[in-house]
Each structure stands twice: as C-alpha cells, then as structure tokens.
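Student: Could you have a look at this structure, given as structure tokens, before my questions?
Protein chains: 2
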Amino acid sequence: MALLSVLTPVLAVVLCLVIGFMLVRSRETATTSATQGNYVSPETDFRPWVDQDLRDDTEITAKEDEDGDWAESNEEEDLLHVPYSPPHYPEETMLERSKDLYTLMNQRRSVRFISPEPVPREVIDNVIRTAGTAPSGAHTEPWTFVVVSDPETKHQIRRIVEEEEEVNYRQRMGNKWVNDLAKLRTNWIKEYLDVAPYLVLVFKQTYGILPNGKKRTHYYNEISVSISCGILLAALQNVGLVTVTTTPLNCGPQLRLLLKRPANEKLLMLLPVGYPASDATVPDLKRKPLDDIVVHI
Amino acid sequence: MALLSVLTPVLAVVLCLVIGFMLVRSRETATTSATQGNYVSPETDFRPWVDQDLRDDTEITAKEDEDGDWAESNEEEDLLHVPYSPPHYPEETMLERSKDLYTLMNQRRSVRFISPEPVPREVIDNVIRTAGTAPSGAHTEPWTFVVVSDPETKHQIRRIVEEEEEVNYRQRMGNKWVNDLAKLRTNWIKEYLDVAPYLVLVFKQTYGILPNGKKRTHYYNEISVSISCGILLAALQNVGLVTVTTTPLNCGPQLRLLLKRPANEKLLMLLPVGYPASDATVPDLKRKPLDDIVVHI
Numbered sequence: 001m002a003l004l005s006v007l008t009p010v011l012a013v014v015l016c017l018v019i020g021f022m023l024v025r026s027r028e029t030a031t032t033s034a035t036q037g038n039y040v041s042p043e044t045d046f047r048p049w050v051d052q053d054l055r056d057d058t059e060i061t062a063k064e065d066e067d068g069d070w071a072e073s074n075e076e077e078d079l080l081h082v083p084y085s086p087p088h089y090p091e092e093t094m095l096e097r098s099k100d101l102y103t104l105m106n107q108r109r110s111v112r113f114i115s116p117e118p119v120p121r122e123v124i125d126n127v128i129r130t131a132g133t134a135p136s137g138a139h140t141e142p143w144t145f146v147v148v149s150d151p152e153t154k155h156q157i158r159r160i161v162e163e164e165e166e167v168n169y170r171q172r173m174g175n176k177w178v179n180d181l182a183k184l185r186t187n188w189i190k191e192y193l194d195v196a197p198y199l200v201l202v203f204k205q206t207y208g209i210l211p212n213g214k215k216r217t218h219y220y221n222e223i224s225v226s227i228s229c230g231i232l233l234a235a236l237q238n239v240g241l242v243t244v245t246t247t248p249l250n251c252g253p254q255l256r257l258l259l260k261r262p263a264n265e266k267l268l269m270l271l272p273v274g275y276p277a278s279d280a281t282v283p284d285l286k287r288k289p290l291d292d293i294v295v296h297i
Numbered sequence: 001m002a003l004l005s006v007l008t009p010v011l012a013v014v015l016c017l018v019i020g021f022m023l024v025r026s027r028e029t030a031t032t033s034a035t036q037g038n039y040v041s042p043e044t045d046f047r048p049w050v051d052q053d054l055r056d057d058t059e060i061t062a063k064e065d066e067d068g069d070w071a072e073s074n075e076e077e078d079l080l081h082v083p084y085s086p087p088h089y090p091e092e093t094m095l096e097r098s099k100d101l102y103t104l105m106n107q108r109r110s111v112r113f114i115s116p117e118p119v120p121r122e123v124i125d126n127v128i129r130t131a132g133t134a135p136s137g138a139h140t141e142p143w144t145f146v147v148v149s150d151p152e153t154k155h156q157i158r159r160i161v162e163e164e165e166e167v168n169y170r171q172r173m174g175n176k177w178v179n180d181l182a183k184l185r186t187n188w189i190k191e192y193l194d195v196a197p198y199l200v201l202v203f204k205q206t207y208g209i210l211p212n213g214k215k216r217t218h219y220y221n222e223i224s225v226s227i228s229c230g231i232l233l234a235a236l237q238n239v240g241l242v243t244v245t246t247t248p249l250n251c252g253p254q255l256r257l258l259l260k261r262p263a264n265e266k267l268l269m270l271l272p273v274g275y276p277a278s279d280a281t282v283p284d285l286k287r288k289p290l291d292d293i294v295v296h297i
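In the order they appear, the protein sequences are chains R and H.
Mapping of the first sequence onto the UniProt record's numbering: position 144 corresponds to residue 144, and the numbering continues sequentially without gaps.
Mapping of the second sequence onto the UniProt record's numbering: position 178 corresponds to residue 178, and the numbering continues sequentially without gaps.
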C-alpha cells in the first residue's frame, strides 16, 4: 500500500502523458488530411484506384452540387434547346484560317514597353465583349473587367503594386544573393502602370448571390476567368494592342478596396493595355515546337 | 509533509494537464495557419492591411521564387532583348477587326452533339500550335495536349468518365430528390466521347525537371493552361469546329494512367472536338450584357 502510495504520482504522470500523446496524435491526423487538400466527404465512397497524391485542384473542390460538364447546370437542363448550325467551311478554308490565326497569335508577345498613345474605348469594349463569350462553370460568367483609364487611379495602382513587388524582391535577395541591385530594381518599377492608356484588372467572382439571398459558389471560377483572359489576349492581339499578363502578388485585397469591388470578387490578373512603344523590345524567347506539346493517340 | 505527499499526485496531474493543453494549443495554432492556406514565411513582414480572408489562390502559392510578372523569370532577365513592332492598324481597321472577332466568338457555344465526320489532322495541329502561343508563368509552357483519335482509347475514356459521372449523379440524387431518373441518366451518358473524331485532353504540368535533376515548381500552371485553353477555343471556333468544355470529376488519375502521362501532369480539361452534328441543338442561353461585366474608372 505504501509502495502504491509512492507510485501514485508516477502512475498519474504516465496516464497523463498517454492521454496527452493520444490527443496530439488525433490532432495531427486531422491536420494531415486537411492540409493535403484531399478532403473526402463522408458520402464519398472510398475508391481504391484514386491516387490521393495525384488529386487535382479541380477534384479537391468537387462538391455535391458540382458538375464536370460545365454547361449542364440544373437551370440549363430546363432551358429550351434551339438548333445550332455554325458555318461549315471547306477543308481548304479551314486549313487557311487555322494557319492565319496561328500566324497572328504567334506574333503575340508579353510587352512591358507600352505607348501612352490613346486607344479608342470602343475597341476596348469590343475586346471585353469578346472575352465575355468564354464558357464558364454552370454559365455563371464569373468575371468582372475593371478598365482603369483615370491617371490618378492608375498611379495609386502603381504605388500599391510596386510597394509589394519591392517587398518580394528584397525577400528574394535576402534569401539568395545581392549581385546587381540596379538590375533587380528595374523589376519592381512598373512604369507601364502609369503609361498604358488602360489597365484592365480582371476579377473572378468566387460566389454569386441567388434571388433568395443565399450564396451560390461559383465552381471553376478561376479556370473560367482564365479561359476568358485567353480569349481577351487573342482579341487584343487581333487589333494590334499589347499587354503583359501579370498576377500582382499580395495586392489583391488592396486593389479590390481601391476599386470598390465587392467581397465576392478577387483579383486574378492585371493587364496594362495599349500600343507597343515605338522602341519596345522583348526578350528573345522561343516557343516549344509542336511535338513538345502534343501527343497523338 | 503528509499533506504534501497526499497532494503530490494531484499536483502531478495538474502539471501534466497544463503541459498537455499547451502542446495541443501549439499544434492547433500551426494547424490553423496551415489550413487557412495563408502560410506566411518567417521572413515575411507582418503587414496589417492584408485581409487574411481575402487572400487569393494566387497569393497562397506565393513563394520566394515566384514573380507576379510572368515573363520576368531569372533566365529571361539574361536573355537578349530584340525590337518588337507588330502592325499598327488605323483606328477604323481596329474597330472593324474587334467587331468581327466578337461576332465570330459570340457564335461559339458549348456543343454536346458532335458529328463523327473526320476532321483534317493538320487543322487540329494548327489549333494546338495556336494554343501553345499563350503566355505562361516564367515561360514554362506547362501544357500537354493529348489528342485521342483511336476509337478503342476513346471508348476507354468514355467508360472511365461515365462511371465517375454516374457515381456523382447518384450521390447528388441521394442527397436531394429522385424525380426523373431518365432525365438525370442522360447527364452521365457522354456519347460524344465515342463519336467525336478527336478528344483533346489538356494536362497541366505542375512541375518540371531541371537539367540538374531537381524539381522546378511551375507557378500559375493552372492559370497558364486555362489561358491556353481560351486561345484553343478561339482557334476551334475560327475554323468552324465545336467542343464542350469539361473538367471530368475524379477521373484525372485514371485518365493519366490510361494515356501514360508522367506524374507531374494532371488533367485539367477534356474537350471533344469535331463538326457539330447536323441536328445539333444548344440550350437557349443568353450572355450578360457588356455593362454587367465591365466597370470603367
């Protein structure tokens, strides 16, 4: 009994350690499955062929309401179907058209030297109309194009973007080496943000508000808006305007507030748009040949 | 002393509880910051204006190597710059060209009724060449277009996609209501996967392998590949071909294995491509007017 009395504190300590260990372990397990992003809802059957590590972003976001086939929203199922018969070109015409568009688009380059020369607003509107023809998950059209031509707003945008870029570059330099400050500095100076006649800030709408006031998640909103931006780039190239595709780091919330966009919108891209400067240059890059990007089966 | 001896186990228990509690708390804090996806590296200064809830996906992935300005990779900084002077159209021509492309693209629709009529492969190759002109983060060109025309492979793809779609639909029905089985069934039957002359499976390369064997993360790979798909849709429309943008749920790993794609590639989209069937119909959808998608400042 005396021995037991002496051992009691030891036993208590051991018991506590075991309980504590179990607690920590259970938290760890929960953390691991959550941070890997492979959330599997309880309703989902376990399917052993799924390689958990290989799950795509598109799969992570899969919810019961979601549909892999974008156009088949519930609303759309109830819509009247109408005949669709676009032009059927002869093969020779198809070939010619396909070559012509390739030639045009292959001349596209990201250009950082933009002329201040004004650009007709109607052209910009048509370019954005064209971007708005993109497909989107459940036809939500989850995009807002904020076109900034006001010099003061452009300058505020520049200030916000450059401040963040400087922080990014200084961090990078701290981690690596400081060899050419002047050269790096040119990377966070974005003159084109003042100079370009238009800044197009592309926002993705992460959710919408239904008539009953409920939120409706816009699945695939980032993919949809990016597709729309691809069409926008084609439309710009088609009229001889240039841009550079940028995704300003950490500036989204500040720019959203500056431009008074609602909370469901998040900045995806910032595109300065204009004619190229007369002395514009681009890095002498090559594109991958067709065989490196296509596989025929 | 006797009192102390009696209290010892109690003290030990309290001490253990305190230690256990602190351990759990510290884990919890780590978990919270990790699962919110707002990982802030120790080098990052705390910047109070950042609304944590509003951080974008693009910001979550921010790493020291990353750059908001896509074209300014380290390699590119060292590249020779060459003059760039694309055509400068008169304003009237610009306006006309912008209208023409809008008219063309506004006729684009997602079409699920595809004709089995063969399509010249050279046209498909040019369309993919065109998609390959898209910009990409640090010019990584992180896309692989797998073009499947082999009937057996197409059928295997159909089997995989339909199996998954059926699981998805049955789950949805289980959670909501079962009103029209026949109608729902049409949603997971994807005849076009057999019928379309080509299935284009678009893979994003999440990382690349450097000459020294190290992995190189492809930042913004999903946005880049989606932009490329936008250009691909424009190129298809330009030659009179149709497709429907699909992101098959949970099929990525199976399809990747079927098509023998490496581990760094993940399926982003599956596009059946061909002429529209002669009796093709589309839901009578409208697009948002310009004023709903653009904001001028």
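Beta carbons are placed, not taken as given, at the ideal position from N, Cα and C, and that holds for glycine.
As the structure is a prediction and not an experimental result, all values here were calculated from the model.
Report yes if the CB atom of Y84 (chain R) is closer than 7 Å to the CB atom of T243 (chain H), and no otherwise.
Tutor: Translated into the one-based positions of the first sequence, residue 84 (chain R) becomes position 84. Translated into the one-based positions of the second sequence, residue 243 (chain H) becomes position 243. No; because the gap between Cβ atoms is not below 7 Å, this pair is not in contact.
Student: In whole angstroms, give me the CA-to-CA distance for residue 298 (chain R) and K286 (chain R).
Tutor: Only positions 1 to 297 of chain R appear in this structure, which leaves residue 298 (chain R) out of reach.
Student: Count the C-beta pairs between the stretch 268–279 of chain H and the stretch 93–111 of chain R that are closer than 8 Å, then say yes if the count reaches three, no if not.
Tutor: The answer is no - the stretch 93–111 of chain R does not touch the stretch 268–279 of chain H, with fewer than three Cβ pairs under 8 Å.
Student: Could you please give the first and the last residue of the uninterrupted beta strand (DSSP E) stretch that includes E265 (chain H)?
Tutor: Taking the first residue of the second sequence as 1, we reach residue 265 (chain H) at position 265. Per DSSP, E265 (chain H) belongs to the beta strand (DSSP E) from E265 to V273.
Student: R129 (chain H) touches chain R at which residues, Cβ-Cβ below 7 Å?
Tutor: Residue mapping note: residue 129 (chain H) aligns to position 129 of the second sequence, counting from 1. Those are Y102 and L290, listed as they occur along chain R.
Student: What is the residue span of the alpha helix (DSSP H) that Y192 (chain H) lies within?
Tutor: Against the second sequence, residue 192 (chain H) aligns to sequence position 192. Its alpha helix (DSSP H) spans residues Y192 to V195.
Student: Please name the residue in R:K204, R:E164, R:S224 and R:L258 whose C-alpha comes closest to that of residue 301 (chain R).
Tutor: An answer regarding residue 301 (chain R) cannot be provided, because it is not within the stretch 1 to 297 covered by chain R.
Student: Against chain H, which members of the stretch 104–118 of chain R pass a CB distance test of less than 7 Å?
Tutor: For the stretch 104–118 of chain R, which is checked against every Cβ of chain H, the residues closer than 7 Å are M105, N106, Q107, R108, R109, S110 and V111.
Student: Could one say the Cβ of P283 (chain R) lies closer than 7 Å to chain H's Cβ atoms, at least one of them?
Tutor: Translated into the one-based positions of the first sequence, residue 283 (chain R) becomes position 283. Yes, P283 (chain R) lies at the interface with chain H (some Cβ there is under 7 Å from its Cβ).
Student: Would you kindly work out how many angstroms separate the C-alpha atoms of E92 (chain R) and E122 (chain H), rounded to a whole number?
Tutor: The sequence position of residue 92 (chain R) within the first sequence is 92, counting from 1. The sequence position of residue 122 (chain H) within the second sequence is 122, counting from 1. Each residue's Cα considered, the two are about 11 Å apart.
Student: Give me the residue from H:G213, H:D279, H:R159 and H:F145 with the minimum Cα distance to Q254 (chain H).
Tutor: Taking the first residue of the second sequence as position 1, residue 254 (chain H) is located at position 254. Comparing Cα positions, the closest option is H:R159.
Student: Within a Cβ cutoff of 6 Å, which residues of the same chain sit near H296 (chain H), ignoring the five residues on either side of it in sequence?
Tutor: Along the second sequence, one-based indexing puts residue 296 (chain H) at 296. So no residue of the chain qualifies.
Student: For E163 (chain H), tell me which candidate among H:I124, H:D291 and H:K190 has the shortest Cα-Cα distance.
Tutor: Within the second sequence, numbered from 1, the residue matching residue 163 (chain H) stands at position 163. Comparing Cα-Cα distances from E163 (chain H) to each of H:I124, H:D291 and H:K190, the minimum goes to H:K190.
Student: Can you check which of these residues, R:I223, R:P87 and R:V111, is closest to G137 (chain R) by C-alpha distance?
Tutor: Looking up residue 137 (chain R) in the first sequence gives position 137. The shortest Cα separation from G137 (chain R) among R:I223, R:P87 and R:V111 belongs to R:I223.
Student: In whole angstroms, what is the alpha-carbon distance linking Y219 (chain R) and S278 (chain R)?
Tutor: If you number the first sequence from 1, residue 219 (chain R) lands on position 219. If you number the first sequence from 1, residue 278 (chain R) lands on position 278. Going by the C-alpha atoms only, they are around 42 Å apart.
Student: Pick out whichever of H:D194, H:E96 and H:R256 has its Cα sitting closest to the Cα of F113 (chain H).
Tutor: The residue you call residue 113 (chain H) lines up with position 113 of the second sequence. Among H:D194, H:E96 and H:R256, the Cα nearest to that of F113 (chain H) is on H:D194.
Student: For K215 (chain H), which beta-bridge partners are listed by DSSP?
Tutor: Indexing the second sequence from 1 puts residue 215 (chain H) at position 215. Beta-bridge pairing links K215 (chain H) to H:I209.
Student: Please list the partners that D150 (chain H) has in chain R, where partner means a Cβ-to-Cβ separation under 8 Å.
Tutor: For the purposes of this step, residue 150 (chain H) is identified with residue 150 of the second sequence, where counting begins at 1. Neighbours of D150 (chain H) on chain R, chain order: I297.
Student: Answer yes or no: does any C-beta atom of chain H fall closer than 7 Å to that of V200 (chain R)?
Tutor: Working through the first sequence from its first residue, we reach residue 200 (chain R) at position 200. Chain H, which has no Cβ nearer than 7 Å to the Cβ of V200 (chain R), makes this no.
Student: Taking H88 (chain R) as the query, report the chain H residues whose CB atoms sit under 7 Å from its CB, ordered along the chain.
Tutor: Within the first sequence, the letter at position 88 stands for residue 88 (chain R). Result: G240 and Y275.
Student: Can you tell me the Cβ-Cβ gap for F203 (chain R) and L267 (chain R), rounded? I've got them flagged as a contact below 8 Å.
Tutor: Position 203 of the first sequence, counted from the first residue, corresponds to residue 203 (chain R). Position 267 of the first sequence, counted from the first residue, corresponds to residue 267 (chain R). The Cβ separation is near 6 Å, so the contact holds.
Student: Against residue 302 (chain H), what residues of chain R qualify as contacts under a CB-to-CB distance less than 8 Å, listed in chain order?
Tutor: Since the displayed chain H opens at 1 and closes at 297, residue 302 (chain H) lies outside it and no answer follows.
Student: Since H81 (chain H) sits in a beta bridge, which residues does DSSP pair it with?
Tutor: Counting from one through the second sequence, the residue named residue 81 (chain H) turns up at place 81. For H81 (chain H), which the question treats as bridged, DSSP gives the partners R:P283.
Student: Using a Cβ-Cβ distance under 7 Å, would E141 (chain R) count as near chain H?
Tutor: The residue given as residue 141 (chain R) occupies position 141 in the first sequence. It does; some Cβ of chain H falls within 7 Å.
Student: Please decide whether E145 (chain R) counts as near chain H, where near means a Cβ-Cβ distance under 7 Å.
Tutor: Here the question's residue 145 (chain R) lines up with position 145 in the first sequence. In the sequence on display, residue 145 (chain R) carries Phe and not Glu. Answer yes: the Cβ-Cβ gap between F145 (chain R) and chain H drops below 7 Å somewhere.
Student: Could you tell me whether the Cβ of A280 (chain R) comes closer than 7 Å to any Cβ of chain H?
Tutor: Residue numbering aside, residue 280 (chain R) sits at position 280 when the first sequence is read from its first letter. For A280 (chain R), the answer is yes, since a Cβ of chain H falls inside 7 Å of its Cβ.
Student: Relative to the C-alpha of T256 (chain R), which candidate in R:G240, R:V225, R:I157 and R:P289 has its C-alpha closest?
Tutor: By 1-based counting over the first sequence, the position of residue 256 (chain R) is 256. Correcting the residue identity first, residue 256 (chain R) is Arg in this sequence and not Thr. Among R:G240, R:V225, R:I157 and R:P289, the Cα nearest to that of R256 (chain R) is on R:I157.
Student: Taking DSSP's pairing of strands, which residues face L201 (chain R) in a bridge?
Tutor: In the first sequence, counting from the first residue as 1, residue 201 (chain R) sits at position 201. The partner list for L201 (chain R) (beta bridge, DSSP) reads R:V146 and R:L270.
Student: Reducing DSSP to helix, strand and coil, say where H296 (chain R) ends up.
Tutor: Residue 296 (chain R) sits at position 296 when you count from the first residue of the first sequence. Note: H296 (chain R) maps to strand in three-state DSSP.
Student: When DSSP builds the beta bridges, which residues end up paired with I114 (chain H)?
Tutor: Start at 1 with the first residue of the second sequence, and residue 114 (chain H) comes out as number 114. Per DSSP, H:P276.
Student: In this structure, how does DSSP classify T246 (chain R) when only helix, strand and coil are distinguished?
Tutor: Within the first sequence, numbered from 1, the residue matching residue 246 (chain R) stands at position 246. Three-state result, T246 (chain R): strand.
Student: Please name the residue, chosen from H:K288, H:D292 and H:D284, that lies closest to V82 (chain R) on a Cα-to-Cα basis.
Tutor: Here residue 82 (chain R) refers to the residue found at position 82 of the first sequence. Of H:K288, H:D292 and H:D284, the residue nearest in Cα terms is H:D284.
Student: In chain order, what residues of the same chain have a beta carbon less than 6 Å from the beta carbon of W143 (chain R), not counting five sequence neighbours either side?
Tutor: For the purposes of this step, residue 143 (chain R) is taken as the residue at position 143 of the first sequence. Hits under 6 Å: V225 and S228.
Student: Among H:N264, H:P135 and H:T247, which one has its Cα closest to the Cα of I231 (chain R)?
Tutor: On the first sequence, residue 231 (chain R) is found 231 positions in, with the first residue counted as 1. Closest option to I231 (chain R), Cα to Cα, is H:P135.
Student: Would you say N126 (chain H) lies against chain R (beta-carbon separation less than 7 Å)?
Tutor: Position 126 of the second sequence, counting from 1, holds the residue named residue 126 (chain H). With 7 Å as the cut-off, N126 (chain H) counts as an interface residue toward chain R.
Student: Kindly list the residues whose CB is nearer than 7 Å to the CB of E166 (chain R), restricted to its own chain and excluding five residues on each side of it in sequence; keep chain order.
Tutor: Taking the first residue of the first sequence as position 1, residue 166 (chain R) is located at position 166. For E166 (chain R), where only same-chain residues beyond five positions count, the Cβ hits under 7 Å are W188.
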